[in-house]
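Structure first, then comments.
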Amino acid sequence: MYIDGEWCEAASGNRFEVTNPATGDVIGDVPDGGAADATRAVEAADRAFGAWSSTTAYERADLLYRAWQLMTERSAELAELMTREQGKPLKASAAEVKYGADFLRWYAEEATRVAGEWLPSARADQRFLVLKQPVGVVAAITPWNYPMSMLTRKMGPALAAGCTLVLKAAEATPLCAQAIFGVFADAGAPAGVVNLVTALDPKPIGEVFTTDERVRKLTFTGSTPVGKMLAGQAAGNLKRVSVELGGHAPFVVFPDADPEHAAKGAAALKFLNSGQACISPNRLYVHESGRDAFVETLVERIGRVKAGNGMDDGVGVGPLVNDAAVAKVARQVDDARAKGAGVPVGGQRLTGDGFDAGHFYAPTLVTDVTDDMLIRCEETFGPVAPVITYGDGDDVLAMANDTNYGLAAYVYTNDLSTAMRTFEGLRFGIVGINDVNPTSAAAPFGGMGDSGLGREGGRDGIAEYLEVKLGGFAI
Ligand code: NAD
Numbered sequence: 005m006y007i008d009g010e011w012c013e014a015a016s017g018n019r020f021e022v023t024n025p026a027t028g029d030v031i032g033d034v035p036d037g038g039a040a041d042a043t044r045a046v047e048a049a050d051r052a053f054g055a056w057s058s059t060t061a062y063e064r065a066d067l068l069y070r071a072w073q074l075m076t077e078r079s080a081e082l083a084e085l086m087t088r089e090q091g092k093p094l095k096a097s098a099a100e101v102k103y104g105a106d107f108l109r110w111y112a113e114e115a116t117r118v119a120g121e122w123l124p125s126a127r128a129d130q131r132f133l134v135l136k137q138p139v140g141v142v143a144a145i146t147p148w149n150y151p152m153s154m155l156t157r158k159m160g161p162a163l164a165a166g167c168t169l170v171l172k173a174a175e176a177t178p179l180c181a182q183a184i185f186g187v188f189a190d191a192g193a194p195a196g197v198v199n200l201v202t203a204l205d206p207k208p209i210g211e212v213f214t215t216d217e218r219v220r221k222l223t224f225t226g227s228t229p230v231g232k233m234l235a236g237q238a239a240g241n242l243k244r245v246s247v248e249l250g251g252h253a254p255f256v257v258f259p260d261a262d263p264e265h266a267a268k269g270a271a272a273l274k275f276l277n278s279g280q281a282c283i284s285p286n287r288l289y290v291h292e293s294g295r296d297a298f299v300e301t302l303v304e305r306i307g308r309v310k311a312g313n314g315m316d317d318g319v320g321v322g323p324l325v326n327d328a329a330v331a332k333v334a335r336q337v338d339d340a341r342a343k344g345a346g347v348p349v350g351g352q353r354l355t356g357d358g359f360d361a362g363h364f365y366a367p368t369l370v371t372d373v374t375d376d377m378l379i380r381c382e383e384t385f386g387p388v389a390p391v392i393t394y395g396d397g398d399d400v401l402a403m404a405n406d407t408n409y410g411l412a413a414y415v416y417t418n419d420l421s422t423a424m425r426t427f428e429g430l431r432f433g434i435v436g437i438n439d440v441n442p443t444s445a446a447a448p449f450g451g452m453g454d455s456g457l458g459r460e461g462g463r464d465g466i467a468e469y470l471e472v473k474l475g476g477f478a479i
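For the sequence shown, the numbering used here assigns the number 5 to the initial residue and increments by one for each residue that follows.
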């Protein structure tokens with residue numbers, strides 16, 4: 005772990021192993037931290053806060069620029085580590101390293117643009133000054149599916165704002181977290197400014213993060229049930245909270261769109277990270293007029309996707325994170341099949357040489373999905389594309405909005421007014437219009453409803469780490 009500027013063991017002295025999800029090989033072991041370690045990390049962050057929050061924005065920007073530069077220089081080794089620990093194909097890991105580094109550069113720039121305001125008053129002898137100040141010590145909890153960019157998306161704005169931070173990495177990907185903290189250590193982060201705790205059991209750490217008075221903000225990315233529970237605990241102690249949670253993204257193909265073009269977009273998007281993405285489409289709504297062309301193109305594209313070890317050339321889909329994830333995907337597909345869905349491609353766990361030691365599920369297409377199927381409502385988090393056909397009598401906007409989640413949605417249309425009306429009508433935080441990658445360090449990312457509170461990235465992302473202070477001056 006990395007606490008108060010030192011690499012250290014857990015107070016208990018225990019460690020836990022990390023495995024490669026493609027091969028089952030043990031690739032390392034890390035300290036198994038507990039409440040005492042989390043508390044020590046919070047103490048260190050609290051001690052460091054005074055000096056760090058008093059640095060100039062230019063000094064904070066310098067640290068983030070150096071970290072960006074180091075992450076960029078190390079991109080090949082970071083990508084390789086990510087593939088071995090998390091499983092995604094090497095090319096996808098390289099893309100994530102770049103995306104992760106982008107947050108450091110963007111917030112290096114944004115650090116120097118945090119400005120206050122001078123407001124007019126109704127009293128001639130009064131002036132109002134609005135000042136933005138860092139909230140204080142930030143506690144962060146991150147998931148395994150994007151094991152580097154989900155860290156930098158929090159660390160970039162928190163440090164730029166002048167906060168210090170304690171982070172608990174996901175138990176499946178602590179080596180990626182160590183590598184990111186190595187970047188900050190080598191970039192010269194002062195002791196206590198960034199602190200990393202690794203642990204096999206996250207609960208005691210979560211309890212420290214949500215109850216310790218010195219923690220002023222909790223930022224969490226992960227599943228909706230855990231996010232709700234932690235947000236509840238933290239809010240009970242009046243900590244600022246932002247939570248980026250699960251999703252169930254609709255992907256709507258209107259009758260005026262080219263169904264083949266839309267299917268190519270869906271195939272490219274759906275199998276990213278083996279479908280283990282919060283913005284992965286979970287319901288592909290296609291108008292009956294384009295249904296056959298859409299499905300045929302998807303069948304052809306999915307047939308071409310090669311599953312395997314992400315280190316191997318040409319692999320487009322890696323393993324899932326563990327056996328429980330494979331079992332969840334299999335349960336959803338089997339349930340759909342039993343209720344009448346078609347499964348023209350995939351539909352089973354991959355077995356045999358190169359697969360048995362890992363956690364692989366075949367890239368799969370499920371057609372004729374109906375409302376009574378699990379896959380229609382539960383987040384899948386696997387390489388399965390579920391197609392729902394709609395007709396002229398259906399209100400597809402209402403169908404797309406029929407979920408408690410509200411993270412990402414996608415729309416294919418060539419009609420400007422359909423695009424605009426659908427963009428406005430969808431209850432989702434991120435909408436791709438003929439676009440399957442509506443994400444960037446410069447853009448606000450986040451969800452509505454059960455998908456979370458707050459935004460990460462862009463100008464909104466740094467506001468989450470700032471207090472607004474009003475000064476009234478009688479002159
Ligand atoms: P998870 O909720 O199981 O775990 C996320 C993190 O929370 C991990 O670090 C884990 O150790 C920790 N955690 C789990 N239980 C805890 C507890 N009781 N107390 C404290 N910490 C606890 O989620 P996951 O399986 O790692 O990640 C997948 C989920 O994350 C999906 O639902 C996905 O949609 C979501 N996600 C959302 C975004 C987003 O930006 N909205 C991005 C990536 C992933």
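For every residue, glycine included, the Cβ atom is placed at its ideal position computed from N, Cα and C.
Computed from a prediction, not measured in an experiment: that's the story for all the values here.
- Within the stretch 241-304, the complete beta strand (DSSP E) runs of at least 3 residues fall at 244-248, 253-257, 285-291.
- Relative to the Cα of arginine 44, the nearest Cα in the group Ala195, Leu369, Leu430 belongs to Ala195.
- Under DSSP, arginine 353 forms a beta bridge with Tyr365.
- In the structure shown, the three-state DSSP call for lysine 332 is helix.
- The C-beta distance from glycine 350 to leucine 369 rounds to 7 Å, short enough to meet the 8 Å contact threshold.
- If you ignore the 5 residues before and after alanine 253, its C-beta comes within less than 7 Å of the C-beta of Ile283, Ser284, Pro285, Asn286, Leu411, Ala412, Ala413, Tyr414, all in its own chain and listed in chain order.
- Alanine 83 sits close to leucine 94, with the two beta carbons spaced by under 7 Å.
- The nearest non-hydrogen atom of the ligand NAD is less than 6 Å from the C-beta of valine 230.
- Here the alpha carbon of tryptophan 122 sits roughly 10 Å from the alpha carbon of glycine 475.
- Around histidine 291, the same chain offers Val257, Phe258, Pro259, Tyr394 as residues with beta carbons nearer than 7 Å, after the five sequence neighbours per side are excluded.
- Annotated three-state conformation of tryptophan 148 is coil, per DSSP.
- With respect to the 7 Å criterion, glutamine 352 and alanine 366 are classified as neighbours on the basis of their beta carbons.
- In this structure leucine 133 is exposed. Its beta-carbon is surrounded by fewer than 16 other beta-carbon atoms within 10 angstroms.
- Here proline 161 has Tyr111, Gly465, Ile466, Tyr469 as same chain residues with Cβ atoms under 6 Å from its own Cβ, once five neighbours each way along the sequence are excluded.
- By the neighbour-count criterion, in which a residue is buried when 16 or more other Cβ atoms sit within 10 angstroms of its Cβ, asparagine 313 is buried.
- Annotated three-state conformation of phenylalanine 449 is strand, per DSSP.
- Not one heavy atom of the ligand NAD is found less than 6 Å from the C-beta of isoleucine 434.
- Looking at the DSSP output, tryptophan 110 bridges to nothing.
- By the C-beta criterion, the stretch 55-64 is judged not to be in contact with the stretch 231-244, since fewer than 3 inter-stretch pairs fall below 8 Å.
- Cβ-Cβ distances below 6 Å link alanine 447 to Gly461, Gly462 in the same chain, with the five nearest sequence neighbours on each side left out; the list follows chain order.
- The beta strand (DSSP E) runs lying completely inside the stretch 32-90 and spanning 3 residues or more number zero.
- Taking C-beta atoms under 8 Å as the contact rule, leucine 249 and threonine 228 qualify, at a distance of about 4 Å.
- In this structure, the CA atom of glutamate 81 is about 18 Å from the CA atom of asparagine 149.
- A Cβ-Cβ distance of about 4 Å is found for the pair asparagine 18 and aspartate 36, placing them in contact under the 8 Å criterion.
- As computed with DSSP, valine 400 is found in no beta bridge at all.
- Inter-residue distance for glutamine 137 and valine 330 is about 45 Å (C-alpha atoms, whole angstroms).
- Take glutamate 114, set aside five residues on each side of it, and the residues of its chain with a beta-carbon closer than 8 Å to its own are Pro161, Ala164, Arg463, Ile466, in chain order.
- Each of Gly226, Arg380, Thr146 was checked against the Cα of tyrosine 289, and the nearest Cα belongs to Arg380.
- By the neighbour-count criterion, in which a residue is buried when 16 or more other Cβ atoms sit within 10 angstroms of its Cβ, valine 472 is exposed.
- At a threshold of 6 Å, serine 246 does not count as near the ligand NAD, since its beta carbon sits no closer than that to any of the ligand's heavy atoms.
- Between the ligand NAD and the CB of alanine 191, the shortest heavy atom gap is not smaller than 6 Å.
- Look at glycine 465 here: in three-state DSSP terms it is helix.
- For isoleucine 437, the pairing in a beta bridge is given by DSSP as Val415.
- In terms of side-chain proximity, the C-beta atom of serine 97 is found no nearer than 6 Å to any non-hydrogen atom of the ligand NAD.
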